[in-house]
Amino acid sequence: MKEKVMNGLQHFSKAMFIPVLILPIAGILIAIGNIFTNVKLLEAVPFLNNPITTGFGAILSGSLVSILTNLGIIFCVGLAVGLAKKKKAEAGFTALLAFLVFINAMNKFMDLNNLLNTSKDLQGTGQTMVLGVQILDMGVFLGIILGIIVGIVHNRFVDTEFKSAFQIYGGSRFVFIVIIPVTVILAIALTYVWPFIQSGISGMGGFIRQSGNFGLFLYGSLERLLIPTGLHHLIYTPFLYTSLGGTETIAGHVYEGARNIYYAEMADPSIHLLSRSVIWDARGISKMFGLIGACLAMYQTAKPENKMKVKAILIPAVVTSFLAGVTEPIEFSFMFLAPLLFVVHAALSGLSMVVLNLLNVRAIGPNGFLDFLLYNVPLGVSKTHWPMYIVVGIVFFFIYYITFRVLITAFNLKTVGREDDTKDVKLYSKKDYKEKDNSSEKKTLPKANEGIPASLIIEALGGEENIESVTNCYTRLRTVLKDPSLVDEATLKNDTGASGLIIKGKNVHVVYGLTVTAVRKAVDEALGISDMDAEIE
């Protein structure tokens, strides 16, 4: 039962990436739009102050904000596509139909029972307008619930076929037939049940926010501690995109979740200081500054004969962490061999959020320095206090450096370059710690134009027949294997450039960093999968 629950959570976590990864793109484009409408920038660069550029910026930011007011349908379709094991396009189309059926079914049922609020302003009534239809205000949870249901029904009935005259009603069409009564019944049931759920969610969000800095510390620490399980997305996603992260009314629209509120406030020039909920997305201090200090400590405490190799390994990892916010290659260098450092890292990550909150800093940099520049600098100092963010980051660089150096030397922790067997210096994973397999020198992953050893990756995963599904996230090649014991971790790390491996039941995650998309594509092609979103049955 435990393994089934973990597998389900892993599958759900992977599916969440489809809608979640779209939203930062929208945020970056909103930031670019704000650059062309920023008053101070236009004063400094007069040639940009013309109707064409300012109009372009206004249209770009204004149009993309609409994505934030329709997250329900985005998550519904995205989750259904992510959860579907086959025929993903049909699953997405069915999810769209189910969403339309649901909102209209709930509206009609509430109308028949005189439950619709007649106020012109629905704020505070528990009801809202979704695609022009008045229903209960379920926010992004509506999309999540429907997406999960459509995914389950799709996987269960998509292979159903009929004979003779009923043949046309098989497959994805039968899925829709089943979805209709399920969706209508769900709409009726949630009309009575959701107000209680919403009350519980509001109470939970209120408790977390009322717990103040302790809540922030707990949130920031857990978000890091869950990285080995691959479930850390389930911690930050609700705070970024649901009412747990706060609720704000901006320009007449109600926005829920720290990320959505931030994007909406970016596009509103009348707002001078971003709301406190933005702090839930302030995960960049450890990525851009803290882990760099940790890497410096690991380099300086490495054995003298290993320092050149340690430098060659850590510098690319530092650059990736600083610019793009991808931390796993660094975290895997001490996560399993020196777990004490990982616990300290998680605590410091939570502490950095507390410090930002105490200093009233509202800048964010969840995906590294490039995002930090795009999101914060155009908004100005008064709105984000972004210079203080950098000051806090520099302070945490030294805190990480001193703390890691003291702990490494005091407890003789076997971080990269301090191994007893110095034949090989590389980043480690859990299996390395258990087996002490240091037989050959780590090779770097070939660049995309040099060819990726897809066949070797497949062989190291136990062969094509052992692979049930292949997906990926920011940094990991996520696979489900029939027999995880067949995995050849030494080959994956030494010959394909993987920086780490996580095995949880049948879920096997191979960490490749930012090149993982190219790796995934090469593996799909080697397996004969034409669509990167497809999965192997």
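Counting in the UniProt record's numbering, the sequence shown runs from 1 upward without gaps. Glycine included, each C-beta is placed from N, C-alpha and C at the ideal position.
Query, Result
"Shortest alpha-carbon distance to Ala31 belongs to which of Val391, Pro329, Ala58 and Leu413?", "Ala58"
"Beta strand (DSSP E) containing Gly500: first to last residue?", "Gly500 to Lys504"
"Check whether the segment 302–317 and the segment 462–480 are in contact - that is, three or more C-beta pairs closer than 8 Å.", "no"
"Is Leu131 buried or exposed, if buried means 16 or more other CB atoms sit within 10 Å of its CB?", "exposed"
"Just how far apart, CA to CA, sit Ser275 and Leu351?", "20 Å"
"Indicate the three-state DSSP secondary structure (helix, strand or coil) for Arg476 in the structure shown.", "strand"
"Nearest chain C C-beta to Gly206 closer than 8 Å, yes or no?", "This model lacks chain C altogether; it includes just one protein chain."
"Buried or exposed, going by whether 16 or more other CB atoms sit within 10 Å of the CB of Ile313?", "buried"
"How many angstroms separate the CA atom of Ile315 from the CA atom of Val184?", "56 Å"
"Less than 8 Å between the CB atoms is what I'm expecting for Asp281 and Leu240, so what's the real figure, rounded?", "6 Å"
"To the nearest angstrom, how far is it from the Cα of Met138 to the Cα of Ile180?", "20 Å"
"Between the alpha carbons of Val516 and Gly500, how many angstroms are there, rounded?", "13 Å"
"Quick one: give me the first and last residue of the alpha helix (DSSP H) that Met106 is part of.", "Lys88 to Leu112"
"When burial is assigned at 16 or more other CB atoms within 10 Å of the CB, is Ala15 buried or exposed?", "buried"
"Going by alpha carbons, who is nearest to Asn507 out of Ile529, Leu461 and Leu514?", "Leu461"
"Taking C-beta to C-beta, are Val344 and Thr409 nearer than 8 Å?", "no"
"Could you tell me the alpha carbon to alpha carbon distance between Leu122 and Phe174, rounded to whole angstroms?", "37 Å"
"Across which residues does DSSP place Gln134 in a beta bridge pair?", "Met129"
"Exposed or buried, Val519, counting other C-beta atoms within 10 Å across all chains shown (16 or more means buried)?", "buried"
"Buried or exposed: where does Val20 fall if 16 or more other Cβ atoms within 10 Å of its Cβ makes it buried?", "buried"
"By the three-class DSSP mapping on this structure, what secondary structure does Ile250 have?", "strand"
"Excluding sequence positions up to five away, which residues of its chain have a Cβ less than 8 Å from the Cβ of Gln167?", "Glu161"
"Measuring straight from C-alpha to C-alpha, what distance separates Glu419 and Ser172?", "55 Å"
"Counting only the same chain and skipping the five closest in sequence on each side, list residues whose C-beta sits under 7 Å from that of Phe56.", "Phe36"
"Which of helix, strand or coil does DSSP assign to His272?", "coil"
"Find the nearest neighbour of Ala526 within the set Val153, Lys482, Gly463 and Ile67, judged by alpha-carbon distance.", "Gly463"
"For Pro378 and Ile177, what's the separation of their Cα atoms in angstroms?", "50 Å"
"In the structure shown, what three-state DSSP assignment does His509 receive?", "strand"
"Between the Cα of Lys74 and the Cα atoms of Lys85, Lys87, Phe141 and Tyr389, which residue gives the shortest distance?", "Before going further, note that residue 74 is Ile rather than Lys in the sequence given. If we check each option's Cα against that of Ile74, Phe141 comes out closest."
"Rounded to whole angstroms, what's the CA-CA distance from Gly82 to Thr69? Just pull it up for me.", "22 Å"
"One question on the structure: do Ala105 and Gly151 come within less than 8 Å of each other, judged by their Cβ atoms?", "no"
"Alpha carbon to alpha carbon, what distance is there between Ile457 and Val523?", "8 Å"
"Are at least three pairs of beta-carbons, each pair with one atom in the segment 324–332 and one in the segment 204–213, less than 8 Å apart?", "no"
"Helix or strand or just coil, what does DSSP make of Phe56?", "helix"
"Within 10 angstroms of the Cβ of Phe12, are there 16 or more other Cβ atoms? Answer buried if so, exposed if not.", "buried"
"Could you spell out where the alpha helix (DSSP H) holding Arg156 opens and where it closes?", "Val140 to Phe157"
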